[in-house]
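What follows is a short report on a single structure.
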Amino acid sequence: MAKPRRVLPAPHGLSRGAPVPWWIKLGVKLGLAAVGVHGARARALGFARPSYDARDPAKLLGAPPAWIGDATRLMGRRPRTILEVGPGRMVLRAPVLAGLGLEHIWFIDSADSAPAEAAAYQQVAALARSQGVPVPDLAGCTDRAAVLQRCHATLLHGGPSALGAIPDGAIDLVVSEAVLEHVRRDEIGPLLAQLRRVTAPDGIGLHRIDFQDHLGGGLQHLRFSDGFWASPLVGRAGIYVNRLGLSAMVGRFRRAGFQVEVPEATVWSRRPRGPARPHPEAMRPAADDLIARAVLEVRPRR
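Counting from 1, position 179 in the sequence shown corresponds to residue 179 in full-length UniProt numbering; the numbering is continuous, with no gaps.
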């Protein structure tokens, strides 16, 4: 496993969420999914909120310059193209990314949860303009398609095969934020192979990965068999994560043809709440169970 260059202590209550026992959260989410309240319907009713911080100006405006700054430092040149994996509602950042000088912006998501109305993007553009970002003029845009065209952005939907629309080596910068842990194990390999194909020879990938369960910020997800955890019901409930630890995730990237560095990891001082002994199908190195979050920098291996 790549050794983190910087280790941050996990704060108390990290990702704890509502003060409800994990098994109640699990039961409620599974029950709602079983009666058809999932996906777009759950989002409409407020039970599922992808990109919950999509209204936070710091996330809307702060992350893109940080990505570009990190990529410029690591590549030795400014990136011209970007691909964000799993943006959710953060497709809203398209005008911000365009205003920062990116010539083409790509998004890929498994489902469509981005706003369809132009007004949401125009509000973000106005906010960015007030902060000095020279965003495109979105006047006259009547829907998302028109906004994306004005921003030189393309939104793809589907699994790894959807990335076939992107030419080989066309992407200078690939980013994801708390997304890769949600990719099913059988799709991680194909996804990373596609990311390797589309990344420019001197390109860079910046991936923030959350290794906790999504039931209260512990390791409760390690108590279940693959048969249950990978079931369609768990997927519909929106709680599926692939249970790969940092060492396994680094290994998957390396097998896909990337060099991997871990510039930062958030680490628990002791193992968080979870089963005393994980299910045999969820076993992983003990050191992985102490890592709550990590940042990966990946480059095509030459």
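No residue lacks a Cβ here, since even glycine has one placed at the ideal position from N, Cα and C.
| said: Helix, strand or coil for residue 258? Go by DSSP, reduced to three states. | reply: DSSP places residue 258 in strand when its eight states are reduced to three.
| field | 6 angstroms CB neighbourhood of residue 290 in its chain, flanking five on each side removed | value | 267, 268
| task | Put residue 74 into one of helix, strand or coil per three-state DSSP. | result | helix
| query | Thinking just about the alpha-carbon of each residue, which of 31, 242, 296 is nearest to the one in residue 261? | reply | 296
| said: One question on the structure: do residue 64 and residue 92 come within less than 7 angstroms of each other, judged by their Cβ atoms? | reply: No, these two residues do not count as a Cβ contact at 7 angstroms.
| Which parts of the UniProt domain "Methyltransferase type 11" (153-204) are runs of the alpha helix (DSSP H), unbroken and 4 residues or longer, counting only runs that do not cross its ends? | 185-198
| field | Exposure of residue 207, with buried meaning 16 or more beta-carbon neighbours within 10 Å | value | buried
| task | With a 10 Å radius around its C-beta and 16 neighbouring C-beta atoms as the bar for buried, classify residue 283 as buried or exposed. | result | exposed
| field | Backbone secondary structure at residue 143 - three-state DSSP | value | If DSSP states are grouped into helix, strand and coil, residue 143 belongs with the strands.
| task | Measure from the alpha carbon of residue 179 to the alpha carbon of each residue in 110, 22, 201, 300, then state which is nearest. | result | 110
| Name the DSSP bridge partner or partners of residue 104? | 81
| Bridge partners of residue 7, per DSSP? | Looking at the DSSP output, residue 7 sits in a beta bridge with 265.
| If residue 118 and residue 144 are in contact, beta carbons under 8 angstroms, what's the gap, nearest whole angstrom? | Confirmed, Cβ separation roughly 7 angstroms.
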